[in-house]
Amino acid sequence: MWALRAAVRPGARLSRVVRGCGAPKAAPPLPPCPKLTVAAFRGGAGGPEGREGGRWSPGANGWRSRAGEEEEEPEDAEEEEEEEELLRRDPLLPAGTQRVFLIHPEVKWGPRKPQGTRAEWQVAEAQALVRTLDGWSVVDTAVVPTKTPDRRLIFGKGTLEHLTEKIRGSREVSAVFLNVERMATPTKKELEATWGVQVFDRFTVVLHIFRCNARTKEARLQVALAELPLLRSHLKSDVGRLDGRGGGSRYIMGSGESSLQVQQRLLKDKEVRIRRALERLRGKRLLLGRQRRRREFPVISVVGYTNCGKTTLIKALTGDAAVQPRDQLFATLDVTAHAGSLPSRMAVIYMDTIGFLSQLPHSLIESFSATLEDVAHSDLIVHVRDVSHPETELQKDSVLSALRGLRLPAVLLDNVLEVHNKVDLVPGYKPMGPHAVAVSALLGLGLEELKARLEDAVLTATGRRVLTLRVRLAGAQLSWLHKEATVQAVDVMPEAGAADVKVIISHSAYGRFRKLFPE
1 MWALRAAVRP
11 GARLSRVVRG
21 CGAPKAAPPL
31 PPCPKLTVAA
41 FRGGAGGPEG
51 REGGRWSPGA
61 NGWRSRAGEE
71 EEEPEDAEEE
81 EEEEELLRRD
91 PLLPAGTQRV
101 FLIHPEVKWG
111 PRKPQGTRAE
121 WQVAEAQALV
131 RTLDGWSVVD
141 TAVVPTKTPD
151 RRLIFGKGTL
161 EHLTEKIRGS
171 REVSAVFLNV
181 ERMATPTKKE
191 LEATWGVQVF
201 DRFTVVLHIF
211 RCNARTKEAR
221 LQVALAELPL
231 LRSHLKSDVG
241 RLDGRGGGSR
251 YIMGSGESSL
261 QVQQRLLKDK
271 EVRIRRALER
281 LRGKRLLLGR
291 QRRRREFPVI
301 SVVGYTNCGK
311 TTLIKALTGD
321 AAVQPRDQLF
331 ATLDVTAHAG
341 SLPSRMAVIY
351 MDTIGFLSQL
361 PHSLIESFSA
371 TLEDVAHSDL
381 IVHVRDVSHP
391 ETELQKDSVL
401 SALRGLRLPA
411 VLLDNVLEVH
421 NKVDLVPGYK
431 PMGPHAVAVS
441 ALLGLGLEEL
451 KARLEDAVLT
461 ATGRRVLTLR
471 VRLAGAQLSW
481 LHKEATVQAV
491 DVMPEAGAAD
501 VKVIISHSAY
511 GRFRKLFPE
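Taking the UniProt record's numbering, the leading residue of the sequence shown gets 1, the next gets one more, and so forth.
(1) Taking 8 Å as the threshold (C-beta atoms), are residue 313 and residue 419 in contact?
(2) Can you list, in chain order, the residues of its chain whose CB lies under 6 Å from that of residue 356, leaving out five sequence neighbours each side?
(3) Pick helix, strand or coil for residue 500, following the three-state DSSP scheme.
(4) State yes or no: is the C-beta of residue 230 within less than 8 Å of the C-beta of residue 207?
(5) Thinking residue 486 and residue 345 are a contact (beta carbons under 8 Å), I'd like their distance in whole angstroms, please.
(6) Given a threshold of 16 other Cβ atoms within 10 Å of its Cβ, counted over all protein chains shown, does residue 216 qualify as buried or as exposed?
(7) Hey, residue 496 and residue 478: beta-carbon distance below 8 Å or not?
(8) Is it right to say residue 67 is buried, meaning 16 or more other beta carbons lie within 10 angstroms of its own, or is it exposed?
(9) By Cβ distance below 6 Å, which residues in the same chain neighbour residue 395 in space, the five residues on each side in sequence not counted?
(10) Would you list the one or two residues that DSSP bridges to residue 138?
(11) Using a threshold of 7 Å, is the CB atom of residue 235 nearer than that to any non-hydrogen atom of the ligand FMN?
(12) Check whether the stretch 260-269 touches the stretch 334-344, counting contact only when three or more Cβ pairs, one atom from each stretch, lie closer than 8 Å.
(13) Would you kindly work out how many angstroms separate the C-alpha atoms of residue 257 and residue 382, rounded to a whole number?
(14) Using 8 Å as the threshold, is the C-beta distance between residue 447 and residue 278 below it?
(15) Which class does residue 418 belong to by DSSP, given the choice of helix, strand or coil?
(16) Sorted by chain position, which residues of the same chain lie with C-beta nearer than 6 Å to residue 431's C-beta, five sequence neighbours on each side aside?
(17) Between the stretch 443-459 and the stretch 467-476, can you find at least three pairs of beta-carbon atoms closer than 8 Å?
(18) With 16 other CB atoms within 10 Å as the buried threshold, where does residue 516 fall?
(19) Roughly how many angstroms separate the alpha carbons of residue 145 and residue 154, rounded to a whole number?
(20) Could you say which of 339, 99, 389 lies nearest to residue 172 if we only look at CA atoms?
(21) Can you tell me which residues form a DSSP beta bridge with residue 178?
(22) Is residue 176 closer than 8 Å to residue 199 when the C-beta atoms are compared?
(23) So which of 233, 223, 434, 428 has the shortest CA-CA distance to residue 189?
(24) Might you give, ordered along the chain, the residues of its own chain that have their beta carbon closer than 7 Å to the beta carbon of residue 392, omitting 5 neighbours on each side?
(25) What are the boundary residues of the beta strand (DSSP E) that includes residue 304?
(26) Helix, strand or coil for residue 319? Go by DSSP, reduced to three states.
(27) Please report how far the alpha carbon of residue 307 lies from the alpha carbon of residue 424, in whole angstroms.
(28) To the nearest angstrom, how far is the alpha carbon of residue 491 from that of residue 504?
(29) Look at the alpha carbon of residue 203 and the alpha carbon of residue 214, and state the distance between them as a whole number of angstroms.
(30) Decide if residue 507 is buried, meaning its Cβ has at least 16 other Cβ atoms within 10 Å, or exposed.
(31) If I'm right that residue 235 touches residue 274 with Cβ under 8 Å, what's the distance once you round it to whole angstroms?
(32) So, helix, strand or coil for residue 471, using DSSP?
(33) By the 10 Å Cβ neighbour count, where 16 or more other Cβ atoms means buried, how is residue 193 classified, buried or exposed?
(34) So the candidates are 105, 97, 159, 117; which of them puts its Cα closest to the Cα of residue 138?
(35) Taking all protein chains shown into account, decide if residue 272 is buried (16 or more other Cβ within 10 angstroms of its Cβ) or exposed.
(36) May I ask which residues mark the beginning and end of the alpha helix (DSSP H) holding residue 399?
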């Protein structure tokens, strides 16, 4: 177990917490981010609470991390300064409270009609996104049929006039959330001019939630990278409007570059620098991952749709009181490591990952793909599903589609263990298929069966064997096995000066044992 402390502690936080955020200007002022009321470390995620010395200590069900100081190599001062400069950027959404009118355009027929879902379920998820932002509330909702969601103003003339009358006639509405994946910039500006309030799409709201919840340098840089397409989409109209009003000259200081070209060049330069900074952090994260793999602790990656209960499940499996789940979308944006043990006392590492969401632009998923590389190096993937949710099958498809996009090894995808969570909300629920276990992470139901299934899957995936080895009591064999394998039982034979030791041991560790102790 001492080796587990060393293996997990450096990787508990897979990138470092930093200050600050600078870039070409692009948007209005920022709403306050949701208050971070829990220890950001969360058994592996650094934060202001729980910093007690950076070591691992026994928990109720194994070993748990205690929030520690960062263990990465000191950064070059210039690199540190560059990364902090890249994180200084303008806000995406307006400051203060917002009273939102949520409009969901519904395609009722044709090839664009969404399959496996209903408008009311999509509205409920959109409301949850709004509630995630501190000070934001939904004051009204409307499901509005449309035949052409990709037209310039999305709605027909009569529908648009009705919505305009309703929005302009309400004193409560301060913003509109149009529940579409992405609005074209001309559409956004024309709707804002028509309705007299700011209009946001799903991408902008989700991106701002990401910004608020990103706590490490790597996550914050990934959000900054994901923002660049949005900034580019606003450039032409913003620069054109300024030029048209005489707010700026077409060419800057005789350089031969227009203001648009200057802004585009600055954004391109920023993208190059962000990717370079992320590559540096990725190299450090991969090094920490290699250190963990070298110590041969099995790694279990826990994935799932956002707010399905991944962190709650990890807390239940590890018994770590420092892990504080939040009933909030995208509460976890960083991959974090948590130490636990299985019924055989075999030590394992649980990796908590970012939640998935349907209808996310490719650029946003791509920005976080580097973080999810840790999943590819795990021994087992656990897919947590909220089976109480009406769209649980659609959520499953979204997660599996995202996992396939990560190009994971086929053996990992073929042996995913499904955990059907929140069964306490579905009376009489029984999972279908051999690769599923029903649990309530909150109430502790089904956890013993899950741990047994995890152990079987880990033993199979890692090629570990259960062996009984005879060792001399006077030698170093027993202490070596305690350090390098999982000792399940020791049957001491004093008259022989020996003991039969039942262990779970990997193939490579067994080879080292035979080489060190050939007799």
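In this text, a Cβ means the ideal position worked out from N, Cα and C, and glycines have one as well.
Note that the structure is predicted; figures quoted are calculated from it, not measured.
Inspection of the coordinates gives the following:
(1) yes
(2) 305, 398, 399, 402
(3) strand
(4) yes
(5) 6 Å
(6) buried
(7) no
(8) The predicted model places residue 67 with a pLDDT of 31, which falls under 50 and marks its position as unreliable; any figure quoted below should be read in that light. By the neighbour-count rule (16 or more Cβ atoms within 10 Å), residue 67 is buried.
(9) 305
(10) 100
(11) What this structure holds is no ligand at all, so the ligand FMN is not there to describe.
(12) no
(13) 52 Å
(14) no
(15) strand
(16) 420, 438
(17) no
(18) exposed
(19) 10 Å
(20) 99
(21) 103
(22) yes
(23) 233
(24) 385, 386
(25) 299-304
(26) coil
(27) 16 Å
(28) 15 Å
(29) 16 Å
(30) exposed
(31) Their Cβ separation, rounded to whole angstroms, is 17 Å, which puts residue 235 and residue 274 out of contact at 8 Å.
(32) strand
(33) exposed
(34) 97
(35) exposed
(36) 392-405
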